[in-house]
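A quick write-up on the structure given underneath.
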Amino acid sequence: MRSFVVRRLVQAVTVAAAVTTLTFVLIHLAPGDPLAGTMDDPRIAPSVRAHWRQVYGLDRPLPVQYVRFLTGVARGDLGFSVSYNEPVIAVIRRAVPNTLMLAGTALVLSFAAGILIAVIQVRREGTLTDRALGAISLGLYSLPDFWLAQVALLAFSYWLPIFPAGGTIDPVIHPYLGPAAAALDRVRHLVLPAVTLAALTAAWIARFQRAALLDVAADDYLRTARAKGLSEWTILVRHALRNALLPVITLFGLSLSAFVSGAVFVEKVFGWPGIGSVAVDAVGARDYPVIIACTIIGSILVAAGSLIADLLYMLADPRLRRAEGDADGGATSAVAGA
Amino acid sequence: MTVTRPSERGGAVWVPVGPRDAAPPERERRRPAYGPWRALWRRYRRDQGAVVGLAVLATIAAIIIAAPLLAAYPPDVPLDIIALKSQPPSWLHPLGTDPVSRDVLSRVLYGGRVSLAIAVLAALTAATVGTLYGAIAGYAGGAVDAIMMRVTDACLSIPRVLLLLTVAALWGRLSIGGLVLVLGFTGWFGVSRIVRGEVLALRDREWAIAARALGAGATRTLLRHILPNVASPIIVAIALGIGNVILLEAGLSFFGVGVQPPQASWGTIMQDGADQVRALWWLTVFPGLAIVTTVMAVHAVADGLRRAADPRSGYGARP
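Residue numbers (the numbering used here), protein chains in the order written: chain Z, 913 to 1250; chain D, 105 to 423.
This is the structure in structure tokens:
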């Protein structure tokens, strides 16, 4: 068990190092250097350009630059943002809690909804309800995330103005609200983006959970439960679901990357100030350090999340605690082929 | 009775071998009357949803290939910037016109060519890279495999959209070819894991050992003997990849980092209406419907293929 923990820790650190290396390679494969966009202007004297390249270490040999980049990232020094006019780490530090809140809420919602839909589908297997829910899942699964976000915005904030159109709080009245009303204000702003993001992934989870439930449908313990005279719902929820949950729970770590990816466009449409919005804005502003930091931090969040998830399954499932022979690095990667 | 003997791969794997003097089977080996592809099609045909999906997909492909015949107007040329600006759907312009007076129907038709071409090429690129990488890792095994798979694990935890935004930002405007490469090279991690798993399971099967015993090298064993047996999961991965890339390309183009205007793609058409979604709803709704219909059909086909190839399996992930 300890070797498993150590191996997963090493793996998480590898992810961070690999992502940092990859972004470094990308930066240097790209035409020009990070200063090319702002500095390669004929109105700037060559000596000034050379000076700034020297300040940023861009005149050093690549291995030196690589080590500087790597140690910089390790120390949390992600460079200076031109468009925000402050260190990148400050921008990221403001954005990360928002992304965590949005993606975390969506994660919980989508697993709850996905599992519920699958249970209903399996209980009514083969009926119109099952087929209709299956078709809706397939439809949701095929929607572009930003498009669903736009339609949700149009429907529930313009046509039926139930929810606010964007941001995390109401900028005008929020400071004057009492604690309960302030919390409600936050929740109201969270509903649309979180439900949009959750809907897309819930469909995927429902399809997976349905297959897992049907897999255990013929197992002996279900026949025993039936022979005991338990109701079909009890059998499904307390016996079948408990056993069919594990393959779906392993999706948890795997889906984190999809959540952060999906959050990018959803955040942007809803004006939710997380790392997705920051990244899209940075592309528009040609603010390279910010977007690179978003990628690195996003990947590290995903790696950390799947590490925590793996450690939690191990506590939850005695079979995993004993299964040390699996050289494949944990529950998450066991289904990573999906 | 079955005896076992160590394989020539260092004795790590034990391969069951029949007794040397086993009598030949009494009946002639019965060959099925059709090959593996016919068999796949026969199983595929049983799935109603998959057949409908395939029909829809074929129709969309036909419409898009025939775009020059069907489109009444050129896709990239403003018709009349004053009189025909932002017209709602009408008989002359069934899907309306955009803010620079281009016919949206013509743009959706031509844009479909761009979106689908990017999706198919990127998915094929991803499948090729992923297959080669996974095959090498699975066939080599040991430390090579472990290192190669750790790299894939690391890449799998990078949110793909952020990686794409990074590349788009660093390269500035990407050409269509560049977009295909970028989407292809960020989409192969999943495929490589699938292929690696299959190759690992197949490389020490009797027929693979027989091929090597007959003098086939690693390349030949892989390409001629092992990979053909991995074909169906790869085809399913390509189908899912096409669906994912259509969605991704639309998103990137919508935010101005994918296909560049004035080139039409389903994402760029929506981008043209992004500022005034409420007023110019036809610019968002119609390309969106085109995307949803296509991707749903692609997913239905992928599901059908998966069920036909392997009735007991789960579902693929979003990007």
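Note that beta-carbon positions come from the ideal geometry of N, C-alpha and C, so glycine has one too.
With a threshold of 8 Å between beta-carbons, can Z/Ile1204 be considered close to chain D, or not? yes
Which residues of chain D have a Cβ atom closer than 7 Å to the Cβ of Z/Lys1180, listed in chain order? Phe359
Short check: CB of D/Arg300 to CB of D/Gly345, under 8 Å? no
Take the Cβ of D/Trp370 as the centre, count every other Cβ of all protein chains shown within 10 Å, and call the residue buried at 16 or more, exposed below. buried
For D/Glu427, name the three-state secondary structure that DSSP assigns. Examination of residue 427 of chain D is not possible in this model, given that chain D is present from 105 through 423 alone.
Counting Cβ pairs, one atom from each stretch, are 3 or more of them under 8 Å apart for the region 1028-1046 of chain Z and the region 1123-1139 of chain Z? yes
With H, G and I counted as helix, E and B as strand and the rest as coil, what does DSSP make of Z/Phe916? helix
Where D/Phe390 and D/Thr290 are concerned, what is the direct C-alpha to C-alpha distance, given to the nearest angstrom? 28 Å
Could you list which residues in chain D have their beta carbon closer than 8 Å to that of Z/Val1214, in chain order? Ser261, Ile262, Pro263
Could you tell me which residues DSSP puts in a beta bridge with Z/Ser993? Z/Glu998
Measuring alpha carbon to alpha carbon, tell me which residue in D/Phe358, D/Ala341, D/Trp385 is nearest D/Val87. The question about residue 87 of chain D has no answer here: the residues shown for chain D are numbered 105 through 423.
Specify whether the region 302-319 of chain D and the region 250-260 of chain D touch according to this definition: at least 3 beta carbon pairs, one from each stretch, less than 8 Å apart. no
Indicate whether at least one CB of chain Z lies closer than 8 Å to the CB of D/Asp151. no
Sorted by chain position, which residues of the same chain lie with C-beta nearer than 7 Å to Z/Leu1168's C-beta, five sequence neighbours on each side aside? Val1214, Gly1217, Ser1218
Output yes if chain D places a C-beta closer than 8 Å to the C-beta of Z/Ser1211; else output no. yes
Quick one: give me the first and last residue of the alpha helix (DSSP H) that D/Ile330 is part of. Taken as a continuous stretch (DSSP letters only), D/Ile330 belongs to no alpha helix (DSSP H), as it is neither H nor E.
Can you find a C-beta in chain D that's less than 8 Å from the C-beta of Z/Gly1051? yes
Out of curiosity, what's the CA-to-CA distance linking D/Val286 and Z/Ala1137? 52 Å
Going along chain Z, which residues have a C-beta under 8 Å from D/His403? Leu1050, Tyr1053, Ser1054
What residues match up with D/Asp207 in a beta bridge as DSSP calls it? D/Thr201
Which of helix, strand or coil does DSSP assign to Z/Glu1179? helix
Under 8 Å between C-beta atoms of D/Phe358 and D/Ala335: no
At the 8 Å Cβ level, is Z/Val1222 part of the contact set with chain D, yes or no? According to the sequence displayed, residue 1222 of chain Z carries Asp and not Val. No, because no Cβ of chain D sits closer than 8 Å to the Cβ of Z/Asp1222.
In chain Z, which residues lie less than 9 Å from D/Arg382 when you measure between Cβ atoms? Leu1066, Tyr1070, Trp1071
Min CB distance Z/Ser1173 to chain D below 8 Å: yes
Buried or exposed for Z/His1101, going by 16 or more other Cβ atoms inside 10 Å? buried
Who are the neighbours of Z/Ile1081 on chain D, taking C-beta pairs under 8 Å? Chain D residues near Z/Ile1081: none, gap ~23 Å exceeds 8 Å.
Measure from the C-beta of D/Ala421 to each C-beta in chain Z and report whether the shortest distance is under 8 Å. Because D/Ala421 sits at a pLDDT of 36, beneath the cut-off of 50, its placement in the model cannot be relied upon, and the following sentence gives the value as read from the coordinates. True, the Cβ-Cβ gap to chain Z drops below 8 Å.
Within the same chain, show all residues whose beta-carbon is closer than 6 Å to that of Z/Gly1183, passing over the 5 residues directly before and after it, in chain order. Gly1078, Gly1079
Would a check of beta-carbon distances place Z/Ser906 closer than 8 Å to chain D? Within the shown structure, residues of chain Z are numbered from 913 to 1250, placing residue 906 of chain Z beyond reach of any answer.
Nearest to Z/Ala924 by CA position, among D/Ile262, D/Trp385, D/Ala413, is which residue? D/Ile262
7 Å Cβ cut-off: residues of chain Z touching D/Val400: Note that residue 400 of chain D corresponds to Met in the displayed sequence, not to Val. Within chain Z, the residues near D/Met400 are Leu1050, Gly1051, Ser1054.
In this structure, does DSSP put D/Ser194 in helix, strand or coil? coil
Could you check the C-alpha separation between Z/Ser915 and Z/Leu921 for me, to the nearest Å? 10 Å
Do the region 180-192 of chain D and the region 300-311 of chain D meet, that is, are 3 or more Cβ pairs less than 8 Å apart? no
From D/Thr235, D/Arg142, D/Ala404, residue whose alpha carbon lies closest to that of D/Ala343: D/Ala404
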